[in-house]
Amino acid sequence: EVEMLREALKMGDFSEMYLTEPLEFGIVRLDRNMALLKEAGFEGMSTRRDLLKLELPLHLHFRFVGCLTRGHKRAWRQLEHEEAVLCLVLAQENAGEFLYSGSRDRTVRKWDLKDGSCVHVYTGHSSMVRCLAVNGTFLVSGSDDRSLRVWKKDEPTCLRKIAGHTDFVRAVALCATFQQRLVSSGDDLKVFLWDASTGDRLRQYDHGGIVCMLFLHQSLLVSVAEDKQLRVWQTESATCQRQLRHPGAVTALSVL
Numbered sequence: 042e043v044e045m046l047r048e049a050l051k052m053g054d055f056s057e058m059y060l061t062e063p064l065e066f067g068i069v070r071l072d073r074n075m076a077l078l079k080e081a082g083f084e085g086m087s088t089r090r091d092l093l094k095l096e097l098p099l100h101l102h103f104r105f106v107g108c109l110t111r112g113h114k115r116a117w118r119q120l121e122h123e124e125a126v127l128c129l130v131l132a133q134e135n136a137g138e139f140l141y142s143g144s145r146d147r148t149v150r151k152w153d154l155k156d157g158s159c160v161h162v163y164t165g166h167s168s169m170v171r172c173l174a175v176n177g178t179f180l181v182s183g184s185d186d187r188s189l190r191v192w193k194k195d196e197p198t199c200l201r202k203i204a205g206h207t208d209f210v211r212a213v214a215l216c217a218t219f220q221q222r223l224v225s226s227g228d229d230l231k232v233f234l235w236d237a238s239t240g241d242r243l244r245q246y247d248h249g250g251i252v253c254m255l256f257l258h259q260s261l262l263v264s265v266a267e268d269k270q271l272r273v274w275q276t277e278s279a280t281c282q283r284q285l286r287h288p289g290a291v292t293a294l295s296v297l
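In this note's numbering, the protein residues as written are 42 to 297.
Next comes the structure, spelled out in C-alpha cells:
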C-alpha cells in the first residue's frame, strides 16, 4: 500500500505532492488531486522516497487542492455566472461539499465541488446578490433590491422574502447553533436580528457607520463597520459587550 501511494504521487510546480489517481485503502478513499501535507508523519520530508523511510502504521494528512491555484497552472473547475460573482459561501452537506455563489446577474447558484456541476439556480432577486449565508437548515441571500430571501438548500424554492432595509443589503449571517437566527446589515446603517423560520424582526443593533461584515456564534454577534469599530454583542439583549477600534474603517472579519 505504501508503494501504491508512492507511485500515485507526483511532484507539482511548487514542490507539493499530489495524487494523480484515486486510491482506496480499506474504508479510506483518497481522491485524485489530493495533496500530501508536510505534517503529521510526513513532517520534515519532501520526496516520494521519504515514504519508504516511515514506520508503520502511517499517520498522513491529505487535503483536496483541486480548487486551489497553488501548484496548478490552470483552474480545476471554472464555475460561471452571466455576470460578476460578488459573494461565495462553502457548505458541507451530508457526504458532499457545495459552493453557493451570488452574482450581479441577480441569481444564486449551487455548485457540487465533486464534479463542478451546477445543482440549482435560485432566482427571484430584482438586483445584484451581494451577500450569502448558510447553515444546516437555511440558505439566505441579501441583495441590492433591499431584501433578504430565505431559501431551501436542496431545491431552488424561496421560503420567504424579508423586506426590512431601506437601502442595499450589505451583509448577512446565520447561526450554526440557533439555526433560526439570522442577522443582516444594510447601507441604511441598520443591523437587524430576524427569525429565519418566520421572517419576524426581533432586535436592532445601533451603529455609527455601514456594517460590512457579520458573524453569529451561539449567544454572540460580532459586527465590523466603517466607523472603525469592531463590536461584540449579546445577541438576545442587543447589549454591546466589547468594542475594539481600528485606525480606519473595518471592512472584513474572519473567525477560526
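Just so you know, even glycine gets a beta-carbon here, dropped at the ideal spot from N, CA and C. Computed from a predicted model, the values in this text were never measured in an experiment.
So what's residue i in DSSP terms, helix, strand or just coil?
i	result
Lys-94	helix
Met-45	helix
Gly-165	coil
Arg-286	strand
Phe-83	helix
Arg-70	strand
Arg-89	helix
Gln-259	coil
Ala-174	strand
Ser-295	coil
Taking 6 angstroms as the limit between beta carbons, can you name the residues of its chain near residue i, skipping five residues before and five after?
i	result
Ser-260	Thr-276
Asp-208	Gly-227, Asp-228, Asp-229
Glu-80	His-102
Arg-283	Val-273
Lys-194	Leu-180
Gly-250	Ala-266, Glu-267, Asp-268
Arg-47	Arg-89, Leu-92
Considering only residues of the same chain and omitting the five flanking positions on each side of residue i, which have a CB-CB separation below 8 angstroms?
i	result
Ser-144	His-122, Glu-123, Glu-124, Ala-125, Val-126, Leu-127, Arg-150, Met-169, Val-170
Lys-51	Met-58, Tyr-59, Leu-60, Thr-61
Lys-91	Per the sequence shown, the amino acid found at residue 91 is Asp instead of Lys. If we look at Asp-91 and ignore the five residues flanking it on each side, its Cβ neighbours are Phe-83.
Ser-295	none
Leaving out five residues before and five after residue i in sequence, what residues of the same chain have Cβ atoms less than 7 angstroms from its Cβ?
i	result
Glu-196	His-161
Arg-242	Gly-205, Phe-233, Trp-235
Gln-133	none
For residue i, does the count of other Cβ atoms within 10 angstroms reach 16, so buried, or fall short, so exposed?
i	result
Met-75	buried
Ile-68	exposed
Gly-183	buried
Met-45	exposed
Phe-139	buried
Ser-188	buried
Leu-131	exposed
Lys-114	Low local confidence applies: a pLDDT of 47 at Lys-114 is under 50, so the model's placement there is unreliable, and no value is given.
Ala-217	exposed
Thr-148	buried
Leu-129	exposed
Val-210	buried
Leu-173	buried
Ala-212	buried
Going by the DSSP bridge assignment, what does residue i pair with across the sheet?
i	result
Phe-103	Leu-77
Glu-65	Arg-70
Asp-153	Phe-139, Ser-158
Val-126	Ser-144
Thr-280	Gln-275
Gln-119	Gln-119 is not bridged to any residue.
Lys-51	Tyr-59
Ala-132	Phe-139
Jot down the residue ranges of each uninterrupted beta strand (DSSP E) in the region 186 to 257, minimum 3 residues, whole runs only, in chain order. 189 to 192, 199 to 203, 210 to 215, 222 to 227, 231 to 236, 242 to 247
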